[in-house]
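Numbering (our numbering), first residue to last: 7 to 202. Notes follow the structure.
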Amino acid sequence: MMPFGGEFTIRGWAMCRGGLLDINQNQALFALLGTYYGGDGRVSLGLPDLQGRSPVGFGVIPKGGRYPLGGAQGREEVTLAERDLPRHTHGATFSPTGNVPVTASFSVVASGSGTNEPTSDSYLGANSGASMYYTPSFGAPTLTEIKGLEVSGGGSDGGTVDVAYAGSTTVKINVLNPQLAVNWLISVDGAFPARN
C-alpha cells in the first residue's frame with residue numbers, strides 16, 4: 007500500500023476504498039489479505055477502506071488491548087451525553103402559581119397597663135390566649151397587635167422551576183487529528199512478497 011496524491015488509479019494498483027475484487031483474478035492478493043478487509047472468501051476479497059481513516063500498525067496496544075489486522079476503530083465525530091459532561095451548575099428561577107398572599111402579624115407588650123401604643127420600652131410578647139405571668143401590683147400587660155408584616159406569593163399551589171440552558175444536544179465534537187487527504191493505493195500486480 008502507498009499514499010498517492012493524484013485522483014486516478016495507477017495501472018497495477020487499486021484504490022483502498024473498501025471495494026471488492028474477484029478472487030480468481032487476484033489470487034496472489036487474496037493469499038496476502040484473505041478476508042481481513044471484507045469479501046466472502048469464496049468469490050470476492052475486500053480491499054482496505056482508508057476513506058476518512060488513518061492507518062495504524064496492528065498488534066498490542068502499549069496500555070493493553072490489541073489492534074486487530076483489518077479492524078476499524080474510532081469515529082470522526084462524537085455526541086456527548088449528560089454522563090460525559092463534568093459536574094457543573096445552572097442558574098434556576100422559581101415562578102410560583104396562584105400567588106396566594108400570606109399575611110402575618112405579631113404582638114408587642116406595652117410597658118404599662120392600659121397602653122395601646124407601643125413605646126420604646128415595648129417588647130415582643132405571647133398572644134396565644136393563655137394567661138401571662140405578670141406582677142399584680144403593675145396590673146395585666148396590654149397586648150397590642152402590630153400589623154404590616156405581609157408576605158405575598160408564598161401560596162401552596164406550587165410553581166415551576168426554569169433551569170437555564172447550557173450547551174446543545176445537537177452539537178457533535180470533532181475528534182479528528184489534523185490531516186491531509188490523499189488517495190491510498192494497494193498493489194494488485196507484481197512479484198509476490200517473500201516471507202524471509
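Virtual Cβ for every residue (Gly too), placed ideally from N, Cα, C.
Handout entry: Buried or exposed by the 16-neighbour rule on C-beta atoms within 10 Å, applied to L182
Key = Within the sequence shown, numbered from 1, the residue matching residue 182 stands at position 176. Exposed, because fewer than 16 other Cβ atoms sit within 10 Å of the Cβ of L182.
Exercise for the section: Whole angstroms is fine: what's the gap from Y42's alpha carbon to K69's? Expected result: Translated into the one-based positions of the sequence shown, residue 42 becomes position 36. Translated into the one-based positions of the sequence shown, residue 69 becomes position 63. Cα-Cα distance, rounded: 24 Å.
Handout entry: Contact check, S207 vs G58, beta carbons under 9 Å
Key = Not covered by the structure: residue 207. The range shown for the chain is 7 to 202.
Handout entry: Identity of the residue in M7, G80 and N30 nearest R23 by Cα
Key = Position 17 of the sequence shown, counted from the first residue, corresponds to residue 23. That would be M7, whose Cα lies nearest to the Cα of R23.
Handout entry: Terminal residues of the alpha helix (DSSP H) in which F36 lies
Key = Locating residue 36 in the sequence shown gives position 30, counting from the first residue. Its alpha helix (DSSP H) spans residues Q33 to L39.
Practice task
Give a yes or no on whether the C-beta atoms belonging to A170 and G97 are separated by under 9 Å.
Solution key: Counting from 1 along the sequence shown, the entry for residue 170 is found at position 164. Counting from 1 along the sequence shown, the entry for residue 97 is found at position 91. In this structure, G97 lies closer than 9 Å to A170 by Cβ.
Exercise for the section: Quickly, what does DSSP pair S101 with across the bridge? List them, please. Expected result: One-based indexing of the sequence shown puts residue 101 at position 95. Its beta-bridge partners are T166.
Problem - P54 classed as buried or exposed, judged by whether at least 16 other C-beta atoms fall within 10 angstroms - result: Reading the sequence shown from its first residue, position 48 is the one you call residue 54. P54 should be labelled buried.
Problem - Straight-line gap, I179 to E83 (C-alpha atoms, nearest Å) - result: For the purposes of this step, residue 179 is taken as the residue at position 173 of the sequence shown. For the purposes of this step, residue 83 is taken as the residue at position 77 of the sequence shown. Taking the straight line joining both Cα atoms gives about 6 Å.
Handout entry: Best match in N202, D195 and V188 for proximity to L56 [C-alpha to C-alpha]
Key = For the purposes of this step, residue 56 is taken as the residue at position 50 of the sequence shown. Ranking N202, D195 and V188 by Cα distance to L56 puts V188 first.
Exercise for the section: Measuring alpha carbon to alpha carbon, tell me which of P74, S60, D46 and N30 ends up nearest V194. Expected result: Residue mapping note: residue 194 aligns to position 188 of the sequence shown, counting from 1. The shortest Cα separation from V194 among P74, S60, D46 and N30 belongs to N30.
Exercise for the section: Taking 9 Å as the cut-off, decide whether the C-beta atoms of E61 and L191 are in contact. Expected result: Reading the sequence shown from its first residue, position 55 is the one you call residue 61. Reading the sequence shown from its first residue, position 185 is the one you call residue 191. It is Pro, not Glu, that sits at residue 61 in the sequence shown. Not in contact: P61 and L191 (Cβ atoms no closer than 9 Å).
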